[in-house]
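**Q**
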Amino acid sequence: MDTAHGTRLPPTLRVLRYHFYTYMRTWRSSLTTSFLAPVLYLAAMGVGLGSLINKHVGTVDHVRYLSFVAPGLLAASAMQVAASDSMYPVMAAIKWIRTYYAMLATPLRVLDVLLGHFAWVTVRLVLTAVAYLGVMAAFGTVHSPLALLAVPVAVLTGLAFSGVISAFAATQENDQGFATMSRMGLIPLFLLSATFFPLTQLPGWMHPVAYATPLYHGVDLCRMLVLGRVDRISAMWDVMYLAGLSAFGLLLARRLFAKRLVV
Amino acid sequence: MQSHSPSSLAAPAHESPTGEEPVVSARGLAKRFDDLVAVDSVDFDIARGESFGFLGPNGAGKTSTMRMIACMSPKSAGTLRVLGMDPDTDGPAIRGRIGLVPQEDTLDLQLTVLDNLMIYGRYFDLPKKVIRERAQRLLEFAELGDRAADTVEPLSGGMKRRLTIARALISEPDLLILDEPTTGLDPQARHLLWDRLYRLKSQGVTLVITTHYMDEAEQLCDRLVVMDKGRIAASGSPADLIEHYATREVLELRFHGGEAPVERLQGIADRAEVLPDRVLLYSSDGDRALEEVRARGIDPLNSLVRRSTLEDVFLSLTGRTLVD
Chain F
38 MDTAHGTRLP
48 PTLRVLRYHF
58 YTYMRTWRSS
68 LTTSFLAPVL
78 YLAAMGVGLG
88 SLINKHVGTV
98 DHVRYLSFVA
108 PGLLAASAMQ
118 VAASDSMYPV
128 MAAIKWIRTY
138 YAMLATPLRV
148 LDVLLGHFAW
158 VTVRLVLTAV
168 AYLGVMAAFG
178 TVHSPLALLA
188 VPVAVLTGLA
198 FSGVISAFAA
208 TQENDQGFAT
218 MSRMGLIPLF
228 LLSATFFPLT
238 QLPGWMHPVA
248 YATPLYHGVD
258 LCRMLVLGRV
268 DRISAMWDVM
278 YLAGLSAFGL
288 LLARRLFAKR
298 LVV
Chain A
2 MQSHSPSSLA
12 APAHESPTGE
22 EPVVSARGLA
32 KRFDDLVAVD
42 SVDFDIARGE
52 SFGFLGPNGA
62 GKTSTMRMIA
72 CMSPKSAGTL
82 RVLGMDPDTD
92 GPAIRGRIGL
102 VPQEDTLDLQ
112 LTVLDNLMIY
122 GRYFDLPKKV
132 IRERAQRLLE
142 FAELGDRAAD
152 TVEPLSGGMK
162 RRLTIARALI
172 SEPDLLILDE
182 PTTGLDPQAR
192 HLLWDRLYRL
202 KSQGVTLVIT
212 THYMDEAEQL
222 CDRLVVMDKG
232 RIAASGSPAD
242 LIEHYATREV
252 LELRFHGGEA
262 PVERLQGIAD
272 RAEVLPDRVL
282 LYSSDGDRAL
292 EEVRARGIDP
302 LNSLVRRSTL
312 EDVFLSLTGR
322 TLVD
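Just so you know, the protein sequences line up as chains F and A, in that order. When you read off a place in the first sequence, starting at 1, and then add 37, the result is the number in the working numbering. When you read off a place in the second sequence, starting at 1, and then add 1, the result is the number in the working numbering.
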């Protein structure tokens, strides 16, 4: 019999430690989607397209196009990272590699697995947001000290997606649902949530649709903070929406993880 | 010709040989999934240091029982005590003292052999130094000593299974549970695994094994229960079961076109089983039975005299074979 003379680390943090351990050995493969792609978008759209817009249209929402698009991409990259960490990794851990079952054969419980997963997603979101904010600063698109708050906002945006997507992933038997979700959900959101152009460019009937989706609120809030133009009422609604969706997603994930893993 | 009676389900297996509190104890244990009854009220006791088996075909309820003992699946009814604790309330504590080798691998394929051991040990919150020491010993034991830095994915099935066993032992558990440990392995890998398990047994580790291979049950188990359709049909040591439910020897006969002259074979043996491809005549002296068969002018295509096995026990109890 073994009495653990260990570090007495709470079980949830042991799961987080596992994610760190694996990431240390496999980080190169995730670099492209979580960091390089958004930076390329910033360069291509912000600078390439931006110079065209500045010359022929002038400012967008009272700023150069690069400064307009950068915070949108910050929020969008949070969505990307959250989605990619909540789809295939969760399914692999349940169905193909069965990592979660390995954990559940030890003193760890479903709640530890769940919270450890979300703790890791949070860490990834923080790292991505900080790195991206650094790139934004290098491109000269950070116009206010409030931009630092864009990091927790990016995390909140990501968690809003991660909650419901992780819950969904726990119910799947194959990856068909993921392909549909990307094509019909994530990509339209990416393009139409005021990321690349103001909502006023869209027909009137599409505006309520955008307000109902999570990415718009993350984009809106990030842009306000990075440009230093905070509308208190709007910001409050944005935060409430994202926090509410995050809470809903986490609770749903708790239910569906337990249902799938303890039979 | 006698007919087997599947309703003669035998007495429970709770006769703990040593008299002290059993490591695992079940009474009326049941598991239901919606309308499917996987485990239908079973009783058994497993004593410390013994090697205990659950023998039965696929779908008998063995894995469901294992998962309940391993505190990974909640019971539907009855009582179950593992290491003196109740799985419903003390799951994490029990899991901290048992090792599980599941039927399907749960290894991290992208990481190395040593990584897998380190990770698992850290789930138990063991210090890194302790895990490394134990890992070295366990890898030697599992004959994977020179593969510590290799990625797991390209390893053979047998190596992966040995790694899983080494991993399950990293916390020095009181009880090791193995669910179908040699399914899918080639004969060489199976024998190496049995050798390792035998060594563990001799070190006093309590083993619980489920299997549908009668040779595995005979080789490894001190006592076992025969499970079928969620119930325990019989229990005892392999030798006791064979003595009780089968004769010492069996005469196997195969006939042209599979057509056995069943009526003409009456009275030669204590019991007979007619299978699709052969007839089994159970007798204490198989050679004499064969002489009698010949004496009656019956000319089988093929004949074989062999000792009875647990397969014959299962056949006698249920009228079916262990492996379809």
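Built from N, CA and C at the ideal position, the CB exists for glycine as well.
(1) In chain A, what lies closer than 7 Å to Thr159(F) by C-beta?
(2) Less than 7 Å between CB atoms is the rule here; does Asp212(F) satisfy it with respect to chain A?
(3) Can you give, in chain order, each stretch of the beta strand (DSSP E) that sits fully within the region 116-198 of chain A and has at least 3 residues?
(4) Using alpha carbons as the reference points, say which of Ala234(A), Asp288(A), Pro23(A), Lys161(A) lies closest to Ser317(A).
(5) Please go through the region 85-142 of chain F and give each complete beta strand (DSSP E) segment of 3 or more residues, from N-terminal end onward.
(6) Give the straight-line distance between the Cα atoms of Lys161(A) and Ala143(A), rounded to the nearest whole angstrom.
(7) Give me, in chain order, the residues of the same chain whose beta-carbon lies closer than 6 Å to that of Arg291(F); leave out the 5 immediate sequence neighbours on both sides.
(8) Return the residues of the region 200-230 of chain A that lie within a Cβ-Cβ distance of less than 8 Å from chain F, sorted by chain order.
(9) Could you give the distance in angstroms between the alpha-carbon of Arg28(A) and the alpha-carbon of Arg321(A)?
(10) Ignore the nearest five residues each way along the sequence and tell me which others in Phe105(F)'s own chain have a CB closer than 7 Å to its CB.
(11) Reducing DSSP to helix, strand and coil, say where Met221(F) ends up.
(12) Using the Cα positions of Gly214(F) and Leu229(F), report the straight-line distance between them to the nearest angstrom.
(13) Between Met228(A) and Pro251(F), what straight-line distance do the alpha-carbon atoms span, to the nearest angstrom?
(14) On the DSSP bridge list, what partners appear for Ser26(A)?
(15) Evaluate contact between the region 294-312 of chain A and the region 247-259 of chain A, counting only Cβ atoms and requiring at least three cross-stretch pairs below 8 Å.
(16) Please state whether DSSP places Leu289(F) in a helix, a strand or coil.
(17) Using a Cβ-Cβ distance under 7 Å, would Pro225(F) count as near chain A?
(18) Report the neighbours of Thr64(A) on chain F: residues whose CB is nearer than 7 Å to its CB, in chain order.
(19) Rank Val324(A), Gly100(A), Ala296(A), Tyr283(A) by C-alpha distance to the C-alpha of Arg307(A) and give the top, closest one.
(20) Could you tell me which residues DSSP pairs with Leu266(A) in its beta bridges?
(21) In angstroms with no decimal places, state the Cα-to-Cα distance between Leu289(F) and Gly200(F).
(22) Could you confirm whether any beta carbon from chain F is found closer than 7 Å to the beta carbon of Asp126(A)?
(23) Taking 7 Å as the CB-CB limit, is Tyr55(F) close to chain A?
(24) Could you check whether Arg33(A) and Thr207(A) sit closer than 7 Å to each other, using their CB atoms as the reference points?
(25) So that I know if they touch, is there some Cβ in chain A lying closer than 7 Å to that of Ala139(F)?
(26) Closer than 7 Å, CB to CB, is Ile47(A) near chain F or not?
(27) Which chain A residues sit within Cβ distance under 7 Å of Thr136(F)?
(28) Once you ignore the five residues that flank Arg260(F) on each side, which residues in its own chain have a CB closer than 6 Å to its CB?
(29) For Ser144(F), which residues from the same chain have a beta carbon less than 8 Å from its beta carbon, with the 5 sequence-adjacent residues on both sides left out?
(30) Which residues of chain A have a Cβ atom closer than 9 Å to the Cβ of Tyr58(F), listed in chain order?
(31) When you compare the CB positions of Gly287(A) and Glu250(A), do they come within less than 7 Å of one another, or not?
(32) Does Ala41(F) come out as helix, strand or coil in the three-state DSSP assignment?
(33) What are the residues of the region 152-186 of chain F that lie near chain B, defined by any Cβ-Cβ distance shorter than 9 Å?
(34) Residues in its own chain within less than 6 Å of Ser8(A) by CB, not counting five upstream and five downstream?
(35) Just to confirm the assignment, what range does the beta strand (DSSP E) spanning Ile210(A) have?
(36) Mind checking which residues open and close the beta strand (DSSP E) that includes Glu250(A)?
**A** Taking the structure as given:
(1) Counting from one through the first sequence, the residue named residue 159(F) turns up at place 122. The premise fails here: Thr159(F) is roughly 20 Å from chain A at the closest Cβ pair, so nothing lies under 7 Å.
(2) Counting from one through the first sequence, the residue named residue 212(F) turns up at place 175. Asp212(F) is outside the set of residues whose beta carbon lies under 7 Å from a beta carbon in chain A.
(3) 176-180
(4) Locating residue 317(A) in the second sequence gives position 316, where the first residue counts as 1. Out of Ala234(A), Asp288(A), Pro23(A), Lys161(A), Ala234(A) has the C-alpha closest to the C-alpha of Ser317(A).
(5) You should have found no qualifying run.
(6) Within the second sequence, residue 161(A) is the residue found at index 160, counting from 1. Within the second sequence, residue 143(A) is the residue found at index 142, counting from 1. Going from the Cα of Lys161(A) to the Cα of Ala143(A) covers about 10 Å.
(7) Within the first sequence, residue 291(F) is the residue found at index 254, counting from 1. Hits under 6 Å: Leu151.
(8) none
(9) One-based indexing of the second sequence puts residue 28(A) at position 27. One-based indexing of the second sequence puts residue 321(A) at position 320. Straight-line Cα distance between these residues: approximately 27 Å.
(10) Within the first sequence, residue 105(F) is the residue found at index 68, counting from 1. Closer than 7 Å at Cβ, skipping near neighbours: Val97, Asp98.
(11) Start at 1 with the first residue of the first sequence, and residue 221(F) comes out as number 184. In this structure, Met221(F) counts as helix in the three-state DSSP scheme.
(12) Looking up residue 214(F) in the first sequence gives position 177. Looking up residue 229(F) in the first sequence gives position 192. Approximately 22 Å, taken between the alpha carbons.
(13) Here the question's residue 228(A) lines up with position 227 in the second sequence. Here the question's residue 251(F) lines up with position 214 in the first sequence. Those two C-alpha atoms are separated by around 53 Å.
(14) As a first step, residue 26(A) is located in the second sequence; it is residue number 25 there, counting from the start. Answer is Asp46(A), Arg82(A), bridged to Ser26(A).
(15) Yes, since at least three Cβ pairs between the region 294-312 of chain A and the region 247-259 of chain A fall closer than 8 Å, the two stretches touch.
(16) As a first step, residue 289(F) must be located in the first sequence, where it is residue number 252. Residue state, collapsed to three classes: helix.
(17) Taking the first residue of the first sequence as position 1, residue 225(F) is located at position 188. No - not a single Cβ of chain A is within 7 Å of the one on Pro225(F).
(18) Along the second sequence, one-based indexing puts residue 64(A) at 63. Ordered by position in chain F, no residue passes the 7 Å Cβ test against Thr64(A), which lies about 11 Å from the chain.
(19) The residue you call residue 307(A) lines up with position 306 of the second sequence. The option with the nearest alpha carbon to Arg307(A) is Tyr283(A).
(20) Along the second sequence, one-based indexing puts residue 266(A) at 265. Partner(s): none; Leu266(A) has no beta bridge.
(21) Translated into positions along the first sequence, residue 289(F) becomes position 252. Translated into positions along the first sequence, residue 200(F) becomes position 163. If you take the alpha carbons of Leu289(F) and Gly200(F), they lie about 7 Å apart.
(22) Residue mapping note: residue 126(A) aligns to position 125 of the second sequence, counting from 1. By this cut-off, Asp126(A) is an interface position.
(23) Locating residue 55(F) in the first sequence gives position 18, where the first residue counts as 1. So, interface residue.
(24) Residue mapping note: residue 207(A) aligns to position 206 of the second sequence, counting from 1. Residue mapping note: residue 33(A) aligns to position 32 of the second sequence, counting from 1. No.
(25) What you label residue 139(F) is simply residue 102 of the first sequence in a count that begins at 1. Yes, Ala139(F) lies at the interface with chain A (some Cβ there is under 7 Å from its Cβ).
(26) Counting from 1 along the second sequence, the entry for residue 47(A) is found at position 46. Not closer than 7 Å to any Cβ of chain F, the Cβ of Ile47(A) fails to qualify, so no.
(27) Taking the first sequence and counting its residues from 1, the one referred to as residue 136(F) is at position 99. Here the neighbours are Thr107, Asp109.
(28) For the purposes of this step, residue 260(F) is taken as the residue at position 223 of the first sequence. Taken in chain order, the residues that qualify are Pro108.
(29) Counting from one through the first sequence, the residue named residue 144(F) turns up at place 107. Ser is not the amino acid found at residue 144(F); the sequence shown has Pro there. Taken in chain order, the residues that qualify are Pro48.
(30) Start at 1 with the first residue of the first sequence, and residue 58(F) comes out as number 21. The contacting residues are Leu112, Asp116, Met119, Ile120, Arg123.
(31) Within the second sequence, numbered from 1, the residue matching residue 287(A) stands at position 286. Within the second sequence, numbered from 1, the residue matching residue 250(A) stands at position 249. Yes, they are a contact pair.
(32) For the purposes of this step, residue 41(F) is taken as the residue at position 4 of the first sequence. Unreliable positioning characterises Ala41(F) in this predicted model, as indicated by a pLDDT of 46, which lies under 50. A coordinate reading is not provided.
(33) Looking at the structure shown, chain B is missing, and the protein chains on hand are F and A.
(34) As a working mapping, residue 8(A) is identified with position 7 in the second sequence. Bear in mind that a pLDDT of 33 at Ser8(A), under 50, signals an unreliable position, so the number given afterwards is only what the model happens to contain. So the list is empty, once near-sequence residues are dropped.
(35) The sequence position of residue 210(A) within the second sequence is 209, counting from 1. Per DSSP, Ile210(A) belongs to the beta strand (DSSP E) from 207-212.
(36) If you number the second sequence from 1, residue 250(A) lands on position 249. 250-255 is the extent of the beta strand (DSSP E) around Glu250(A).
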